[in-house]
Structures are given as structure tokens and as C-alpha cells.
Ligand SMILES: Cc1cc2nc3c(=O)[nH]c(=O)nc-3n(C[C@H](O)[C@H](O)[C@H](O)COP(=O)(O)OP(=O)(O)OC[C@H]3O[C@@H](n4cnc5c(N)ncnc54)[C@H](O)[C@@H]3O)c2cc1C
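In mature numbering (1 follows the signal peptide of the UniProt record, and there is no 0), the protein residues as written are -18 to -1, 1 to 419.
What follows is the structure, encoded as C-alpha cells:
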């Protein structure tokens, strides 16, 4: 008998689930989203994301290694994934981050054949000798550096499009626009939950999976298990000469200051991400007027939101430290990109308590893109009642899960989250470039 499935949100988790359901067979799958793929509201609507396998929790190490094999071998990702390697700069005084990195590497090396090409070295001179593009760096001689050539990046938006096309070919039905924008759920007397969309359409199915990323909390009450965090990104455009110098660089990840990627081959744009300076947007919960929760606020809706001046200074300091010749470039397309944080750094993939047909697949999404090829397999396992017990335990709905507190993340460098209501936004000119003070 065919089972009907409704997927709400066609980002990483939603599309991967759609494809895995369709491939397994026996399902009639409908997927809805407010925007067509790749949605501007997906954290993965981007031109690059890191694929790496170092994790402190072995569940994710194994999943990342599995995903990496698919990124390399699945023809669908040909021309989308490239293995450029990742340089990891460990903050000198941050014990938690140091331990986090060491444990992650140990975990990776437990898997036969994995993590064998990792190298360690120390200081700015070594860095300059190893990587031409870092010849002007000012890294201290005591800084620990790790180099893993077995990491890469994927063109994230193109990966979503590739998976969407595959899902369409496999018979998944997609609905976008107001009739794809879920507003809330409602339980009916027939015992089923329904999704109500902006235009008033009501949908139900044998199983409904809400996978709306950081926005999931708008649609369903997650009981404070998930908190949306805005991470700041900005961009610079390289000249043709600079592009020639930087086109084949690896990812440079400084856990304290931020990270940057090889420039895009078409646009010559180089992305700078600033993970240490996240922000919350505390608003009245749509599910309880006495509660506050952090939910995303998108630049599409609030065009004057850019990034804080502090993040601008951070971006320039990052460039100055590693590639000072790029420090004075104009910064443009500066924005918060929303992830969903959970206090135990686990996904939430479970049935909603007291519901017969409503599931969520969300949570801890600061690193979830890399699982695009395989997260759907595990979500379908959950629906079919055959999820690996360790995953089942880690990803369960935890009624008593403490609220997310950025200060309690041992691996996170930087102090707390800013609040959106208090941020002084850097101003942009009419071309979207940050106006220098
Ligand atoms: C700055 C930044 C950098 C990152 N870098 C990396 C990286 O290098 N490597 C990595 O592995 N991961 C990275 N991530 C994380 C990765 O992008 C996320 O883990 C991933 O996108 C989460 O997938 P998701 O499906 O949960 O949510 P999303 O991909 O955000 O998708 C959610 C979907 O739900 C839709 N939606 C929202 N509201 C509704 C609604 N009301 N009704 C219907 N649909 C709705 C949206 O339109 C969207 O399509 C990064 C994230 C950010 C923000």
C-alpha cells in the first residue's frame, strides 16, 4: 500500500528526504516551500559550503565519511563538489576548541583509511612556506595549524537544484508560493494533524515532516529545543590578477576569527564567514504569547539588516592576518544567514509528542549541509521505525532539553550571541557595499 508523505521545507533535510523516499518506493511524496528551490530562506542557498569529516560525536563522523564518499562519486554532484582541502588555525588560548579539534581528528582516524593525510605544523613561517597565497600572513610562530587535504566544498545552491531535479524525475510533487508557505499545524477530530498554508490551503498526509530549518519554530512549537542563530557573512570581489593568485586556494578556517573560501570561478567573489559573532532574534513565540524564542529575521524582509560594525572589523582583521593585500576591498552582500542551534548539538528527528502523523527533522544546522546526500536516508529510517538506536537516542524530541546557550558550547569561540534588537547595522550604499566610516 502506498503511504502519503508531506514534506514542509525543501532545503537540505527536506530535499534529501524527498529523494530517499522516492528511491525507496511505496510512497506518494508531496513537498512544499514558500519559494522554489533554491529558496532564499534556505541556509544552503549559497555558492559554497565546507564538506569535512572531523566530528567529536562518532555518529556524525561516520555519517560525514559516508556523505563524503557520495560527494566524490555520485554523478549528480559532478562539477558541484571539489576537494580543495582545509587549513585549520587553532586559537592559541582556547582549550575547549583545542580539545574539540583533537577529539574530532581521533574519531576520524578510528575509521580505516580515514584522516591519514592530516598534517600538523606551527607558525606563520611554515604557513607561508606551505601555501603561496599566505606569503604575507602575520600568524604568530606559536600558533598550531592543521592541514587536511581531504576536505572540500560544494556549490550549495547548485547541489539543491540537482537534488530537486532528481526528486522531480522520481515523481515527487512540489508546491511553491503561498500555498507552499506553512503557517501552523492544526489537530483535527479524525486524529490527524494538518498543515495550514498562507493562502488557507489545508494539507494532511499519513506522515508530515516539517524540515524548515531555523524557521521550523514558526510552524510548530519545539518547546525551546531549538534556537535560531544568525551567522554573519560578507563578500569581496577579486580583480582578474587576484583571481589568478587565489583561484586554487584551500578553505582557510580560523576558529577564532572566521573563514574564507576559494573565489567563485564565474563571479570571482570570495565569501568570508564570521562564526564567532552570532546573533539571536528574540521574539514573542507564535505558540505562546508569554514566551520568547529566537526565530530568523531575513534580509529579504528587512533590507537594512546587514552585519554589525564589529563583524566588519572582524572580517578586515581576518583578511589582514592572512591575506593583507585583500584587506581594503569593498565588502558587499553582507547579511545574517540563519542556522538552528540545539543545546546538545544534535539534530531533532522525531515524531512530535501526542501527534499521530507529525514529525520534525531539524536542529543543530550549523554544519548540516554536508549531509545532503545521506541525511534523508536516516530520516526515512526514522519514519519506517528502523533508525539505528544510537541515532534514535541522539535525535529524539527531548522535552527537558535545556535551552540553547552559546556560552555553554565548548567548541564555540567568542562570547555569547548579540541580540538583533541591539545591533548597530553597518550601512550599505545603493550598490550593496558597506559604507566605510
Ligand atoms: C553562514 C552559514 C554557513 C554554513 N556553512 C556550512 C558548511 O560550510 N558546511 C555545512 O555542512 N553546513 C554549513 N551550514 C549549515 C547548513 O547550511 C544547514 O545545516 C542546512 O542548510 C540546514 O538544512 P535544513 O534543511 O535544516 O534547513 P534549510 O536548508 O535552511 O532549509 C529550510 C527550508 O525551509 C523552507 N521554509 C522556511 N519556512 C517555511 C515555511 N513556513 N513553509 C514552507 N517552507 C519553509 C525554506 O524556504 C528552506 O527551503 C552553514 C550555515 C550557515 C548559515
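Positions of the beta carbon are idealized from the N, C-alpha and C atoms, including for glycine.
Own chain, CB closer than 6 Å to residue i, minus 5 neighbours either side, in chain order
i: residue 102; result: 128
i: residue -15; result: 10, 187 and 188
i: residue 337; result: 175
i: residue 85; result: 38
i: residue 420; result: Nothing about residue 420 can be read from this structure; the chain reaches only from -18 to 419.
i: residue 385; result: 206
i: residue 183; result: 161
i: residue 288; result: 316, 407, 408 and 410
i: residue 239; result: 300
i: residue 281; result: 287 and 317
Classification of residue i by the beta-carbon crowding that lies within 10 angstroms, buried from 16 upward
i: residue 95; result: exposed
i: residue 171; result: exposed
i: residue 290; result: buried
i: residue 367; result: exposed
i: residue 417; result: exposed
i: residue 308; result: buried
i: residue 403; result: exposed
i: residue 419; result: exposed
i: residue 347; result: buried
i: residue 212; result: buried
i: residue 253; result: buried
i: residue 221; result: exposed
i: residue 437; result: As shown, the chain starts at -18 and ends at 419. That puts residue 437 outside it, with no answer to give.
i: residue 223; result: exposed
i: residue 121; result: buried
i: residue 241; result: buried
i: residue 3; result: buried
Beta-bridge partners of residue i, as assigned by DSSP
i: residue 122; result: In the DSSP output, where bridge partners are listed per residue, residue 122 has none listed.
i: residue 14; result: -11 and 157
i: residue 217; result: 253 and 314
i: residue 103; result: 127
i: residue 212; result: 261 and 320
i: residue 247; result: Partner(s): none; residue 247 has no beta bridge.
i: residue 343; result: 331
i: residue 164; result: 179
i: residue 68; result: 130 and 233
i: residue 422; result: Given that the chain is displayed from residue -18 to residue 419, the structure contains no residue 422 and the question cannot be resolved.
i: residue 400; result: 261
i: residue 169; result: 175
i: residue 240; result: 236
Proximity below 8 Å, CB of residue i to CB of residue j
i: residue 201; j: residue 133; result: no
i: residue 306; j: residue 109; result: no
i: residue 22; j: residue 205; result: no
i: residue 191; j: residue 343; result: yes
i: residue 24; j: residue 354; result: no
i: residue 249; j: residue 316; result: no
i: residue 193; j: residue 324; result: no
i: residue 53; j: residue 42; result: no
i: residue 195; j: residue 16; result: no
i: residue 274; j: residue 251; result: no
i: residue 237; j: residue 79; result: yes
i: residue 401; j: residue 264; result: yes
i: residue 68; j: residue 32; result: yes
i: residue 1; j: residue 149; result: yes
i: residue 30; j: residue 214; result: no
i: residue 116; j: residue 66; result: no
i: residue 208; j: residue 345; result: yes
i: residue 123; j: residue 107; result: yes
i: residue 377; j: residue 321; result: no
i: residue 276; j: residue 262; result: yes
i: residue 71; j: residue 36; result: no
i: residue 332; j: residue 269; result: no
i: residue 361; j: residue 157; result: no
i: residue 229; j: residue 247; result: yes
Other residues of its chain near residue i: CB distance less than 7 Å, five sequence neighbours each side excluded
i: residue 8; result: -17 and -16
i: residue 294; result: 313, 408 and 416
i: residue 351; result: -7, 26, 31 and 138
i: residue 147; result: none
i: residue 5; result: 152
i: residue 399; result: 211, 260, 261, 262 and 388
i: residue 405; result: 261 and 290
Close-in-space but distant-in-sequence residues of the same chain around residue i (CB under 8 Å, 5 per side omitted)
i: residue 144; result: 58, 59 and 62
i: residue 225; result: 245 and 250
i: residue 197; result: -10, 23, 210, 277, 278 and 320
i: residue 339; result: 174, 175, 186, 187, 188, 189 and 190
i: residue 104; result: 123, 124, 125, 126 and 127
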